[in-house]
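What follows is a short report on a single structure.
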Amino acid sequence: MTAELLVDRGGDGVATVTFNRPTTMNALTFEGYGLLRDTFRGFAREPGVRAVVLTGAGDGFSSGGDRKKIVAALAEMSGDEILAFTRLAGDAVLAMRELEKPVVAAVGGAAVGAGAVLALAADFRVASERARFGFVFAKLGLSGADMGAAWLLPRMVGLARATELLMLGHVIDGEVANRFGLINYFVPHAELATTARVLAAKLAAGPTDAHAVTKRMLNREQHLDLAAAIEAEAQAQAACLQTEAFRTTARRLGQG
Numbered sequence: 022m023t024a025e026l027l028v029d030r031g032g033d034g035v036a037t038v039t040f041n042r043p044t045t046m047n048a049l050t051f052e053g054y055g056l057l058r059d060t061f062r063g064f065a066r067e068p069g070v071r072a073v074v075l076t077g078a079g080d081g082f083s084s085g086g087d088r089k090k091i092v093a094a095l096a097e098m099s100g101d102e103i104l105a106f107t108r109l110a111g112d113a114v115l116a117m118r119e120l121e122k123p124v125v126a127a128v129g130g131a132a133v134g135a136g137a138v139l140a141l142a143a144d145f146r147v148a149s150e151r152a153r154f155g156f157v158f159a160k161l162g163l164s165g166a167d168m169g170a171a172w173l174l175p176r177m178v179g180l181a182r183a184t185e186l187l188m189l190g191h192v193i194d195g196e197v198a199n200r201f202g203l204i205n206y207f208v209p210h211a212e213l214a215t216t217a218r219v220l221a222a223k224l225a226a227g228p229t230d231a232h233a234v235t236k237r238m239l240n241r242e243q244h245l246d247l248a249a250a251i252e253a254e255a256q257a258q259a260a261c262l263q264t265e266a267f268r269t270t271a272r273r274l275g276q277g
């Protein structure tokens, strides 16, 4: 793995993915988006990885696309080249959402632009008082709807807050993000890494297949009405009730 993205596979089923360009606040290059996508796609084929922590080296989480290597370069690209890039960036988010294993983002610094959307793509966000979230696309004259932000953000903070954040490009601190409902766990900075790791380890030790079904249904049901959602859950849960993992647990409880 190149230095831009570090991957550490722990013995407890937790893989840690670290954005590793601290001198640029972990800005992403074109190659970085591809590496991130391919890494998360690869985790789907690794039974030893049962949960993932996504974090950044140094003082930032990720400042998004590198201003020199991506932003300036895009201004000189053809329409086809630009579309290929925007699709690549979106694929990185899709890879995280489609990975049927829990993903925990540990945010202890700036998560702006693409970095903010990648934090959104995780299943859990653990953040400290040093965290900063900013969907700053509008400040570049771009749509705030990028990489799935307009799909993900309203589901977390509501349409009114999402509209404000995406159109005005405000950068908010960890306390405000927590108040908006963007964060699952708001912790002192000194406890950030440990909290994220303990959470991921707890998830990794849990029912992997059941977590996969839960994440799949959370993604799927946002497109369904209530009746269809209840039917989809009935079918998914019926399948879970027929697994050996459930039957083993049920037998143990029945003997208690």
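So for the sequence shown, my numbering puts the first residue at 22; every next one is plus one.
Where is the CB? At the ideal position from N, CA and C, for every residue including glycine.
This structure is a prediction, so every number in the text was calculated from the model and none was measured.
Out of Arg146, Ala221, Met238 and Leu220, point me to the one whose CA is closest to Ala198's CA.
Along the sequence shown, read from residue 1 onward, the residue named residue 198 stands at position 177. Cα-wise, what sits closest to Ala198 is Arg146.
Quick one, are the C-beta atoms of Ala152 and Asp194 less than 8 Å apart?
On the sequence shown, residue 152 is found 131 positions in, with the first residue counted as 1. On the sequence shown, residue 194 is found 173 positions in, with the first residue counted as 1. For Ala152 and Asp194, yes; Cβs fall inside 8 Å.
Taking Cβ to Cβ, would you say Phe156 is nearer than 8 Å to Ala170?
Within the sequence shown, the letter at position 135 stands for residue 156. Within the sequence shown, the letter at position 149 stands for residue 170. A Cβ-Cβ contact shorter than 8 Å links Phe156 with Ala170.
Please classify Gly162 as buried or exposed, where buried requires at least 16 other C-beta atoms within 10 Å of its C-beta.
Here residue 162 corresponds to residue number 141 of the sequence shown, with the count starting at 1. Label assigned to Gly162: exposed.
Pull up the distance between the alpha-carbon of Glu67 and that of Glu102, whole angstroms please.
Counted from its first residue, the sequence shown places residue 67 at position 46. Counted from its first residue, the sequence shown places residue 102 at position 81. Roughly 32 Å separates the two Cα atoms.
Can you tell which of Asp80, Phe61 and Ala78 has its C-alpha closest to the C-alpha of Arg71?
As a position in the sequence shown, residue 71 is number 50, starting the count at 1. Residue Phe61 is the option with its Cα nearest to Arg71.
Taking the alpha-carbon of Thr235 as reference, which of Pro209, Gln256 and Arg218 has the nearest alpha-carbon?
In the sequence shown, residue 235 corresponds to position 214, counting from 1. Among Pro209, Gln256 and Arg218, the Cα nearest to that of Thr235 belongs to Gln256.
Would you list the residues sitting across from Phe154 in a DSSP beta bridge?
Residue numbering aside, residue 154 sits at position 133 when the sequence shown is read from its first letter. Partner(s): Ala132 and Ile193.
For Gly77, list the residues DSSP reports as bridge partners.
Taking the sequence shown and counting its residues from 1, the one referred to as residue 77 is at position 56. BP columns for Gly77 point to Phe40.
Could you tell me the alpha carbon to alpha carbon distance between Tyr206 and Ala248, rounded to whole angstroms?
On the sequence shown, position 185 is the one that residue 206 refers to. On the sequence shown, position 227 is the one that residue 248 refers to. C-alpha separation (whole angstroms): 32 Å.
When we look at the beta-carbon of Met22 and count the other beta-carbons within 10 Å, is it buried (16 or more) or exposed?
Here the question's residue 22 lines up with position 1 in the sequence shown. Confidence at Met22 is low in this model, with a pLDDT of 46, below 50, so the placement of that residue should be treated as unreliable; the coordinate-derived value is given next. By the 10 Å Cβ count, Met22 comes out exposed.
Classify Gly202: buried if its beta carbon has 16 or more other beta carbons within 10 angstroms, exposed otherwise.
If you number the sequence shown from 1, residue 202 lands on position 181. Per the 10 Å Cβ criterion, exposed.
Residue range of the beta strand (DSSP E) that Phe207 falls in?
Translated into positions along the sequence shown, residue 207 becomes position 186. Note, Phe207: beta strand (DSSP E), Tyr206 to Val208.
Expressed to the nearest angstrom, what Euclidean distance is found between the alpha-carbon atoms of Ile251 and Glu242?
Numbered from its first residue, the sequence shown carries residue 251 at position 230. Numbered from its first residue, the sequence shown carries residue 242 at position 221. Each residue's Cα considered, the two are about 9 Å apart.
Quick check: what's the CA-CA separation for Ala137 versus Glu265?
Residue 137 sits at position 116 when you count from the first residue of the sequence shown. Residue 265 sits at position 244 when you count from the first residue of the sequence shown. Taking the straight line from one Cα to the other gives about 39 Å.
Do you know offhand how far Gly34's Cα is from Gly134's?
What you label residue 34 is simply residue 13 of the sequence shown in a count that begins at 1. What you label residue 134 is simply residue 113 of the sequence shown in a count that begins at 1. Roughly 30 Å between the two C-alpha positions.
Enclosing beta strand (DSSP E) for Val219 [first to last residue]:
Here the question's residue 219 lines up with position 198 in the sequence shown. Run containing Val219: none in the beta strand (DSSP E); it sits in the alpha helix (DSSP H), Leu213 to Ala225.
First and last residue of the uninterrupted alpha helix (DSSP H) at Ala249
Reading the sequence shown from its first residue, position 228 is the one you call residue 249. Start and end: Leu247 to Leu262.
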